[in-house]
Amino acid sequence: MTSLIYQFKPSSRSDSMKKIAIIALVLAPLTAHGQDSPATLVTIPQIAVSGRGEIKVSPDRATLQISVQTRAATAAAAAAENATKQQSVLSALRALSFTNDQLSTVNYNVYPEQRYDPGKEPEIVAYNVTNTVLVDVRKLSQVGPAIDAALSHGANMITSLQFYASNTEAARRTAIGTAIEKARADAEAAARAAGGSLGSLLEINVGAYNPPPPRPLMMARVAAGVAQAETPIQPGEETLSVEVSTRWRFNPAK
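If you're matching positions, the sequence shown starts at 72 in the numbering used here and goes up one per residue.
Take a look at the structure:
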């Protein structure tokens, strides 16, 4: 659209009024023409459906939380005993080729154990110390030996064991494809049921991937010096799922 701007110096009030009248006459048809063609909103018939894709993946790594819990009459004594046992546990894990970057302390807790008698003030009878180490297991064949080594060298709690797959990106993309195929099939079924046909894809949104939650292993204890068979570990498979939402053009029957 081009705008024309005129500058003039009216010689008299009469000339000025004439020129203003001419400009008004020129603009009036343009305004009237614009009012003759109001915008028309066209609604496109659409079908909105969602789809879910799932795929099984086999874990190839794990994280393991191993705790040493000690109890003594004083906090210092409980802490000293705990430190000795935890050092023994770490040495046993390093003997299995676990490196320092695979071993990290995630919790250290000292708390009093109190006795409550009616009518008396609470009395501290002992102190408990808990030291928890996180072990990054990069080969599943090391999970069982790591548990056995830790328990036989002073650890008395396995507080968490989580398996996970390191190759989930390729699996996630496969699940996305499955989800879209299911969404398309549902959209086609809906279009046929409505007496029309499915048109082109207008929009697609891929939901966030939520990994499976951790699977805890219950606390285990062993007696010192007692030989036992290697702890069997079978992680099984995990289900990776992805959801997509789609919108499709709907072609009504003519």
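Yeah, the Cβ is synthetic: ideal placement off N, Cα and C, and Gly gets one too.
All figures in this text were calculated on a predicted structure; none of them were measured in a lab.
With 16 other CB atoms within 10 Å as the buried threshold, where does P323 fall?
Here P323 is exposed, its C-beta having fewer than 16 other C-beta atoms within 10 Å.
Helix, strand or coil, according to DSSP, for D131 in the structure here?
coil
Quick check: what's the CA-CA separation for S318 versus A133?
According to the sequence shown, residue 318 is Arg rather than Ser. Those two C-alpha atoms are separated by around 39 angstroms.
Hey, how far is the Cα of Q173 from the Cα of P303?
22 angstroms
Would you mind sorting I118 into buried or exposed? The rule is 16 or more other CB atoms within 10 Å of its CB.
buried
Just reading off the beta strand (DSSP E) that P216 is part of, what are its end residues?
First-last for P216: V214 to L222, but that is the alpha helix (DSSP H), not the beta strand (DSSP E).
Where E252 falls: helix, strand or coil (DSSP)
helix
Note down the Cα distance separating Q305 from A246, rounded to an integer number of angstroms.
24 angstroms
Which word fits Y187, buried or exposed, when buried means at least 16 other C-beta atoms lie within 10 angstroms of its C-beta?
By the beta-carbon neighbour count (other beta carbons within 10 angstroms, threshold 16), Y187 is exposed.
Is it right to say K325 is buried, meaning 16 or more other beta carbons lie within 10 angstroms of its own, or is it exposed?
exposed
I'd like to check one pair, Y198 with P216: are the Cβ atoms closer than 7 angstroms?
No, the Cβ-Cβ distance between P216 and Y198 is not below 7 angstroms.
Would you decide whether Q158 is buried or exposed? Buried here means 16 or more other CB atoms lie within 10 Å of its CB.
exposed
Nearest-angstrom Cα separation, counted from T310 out to R243
10 angstroms
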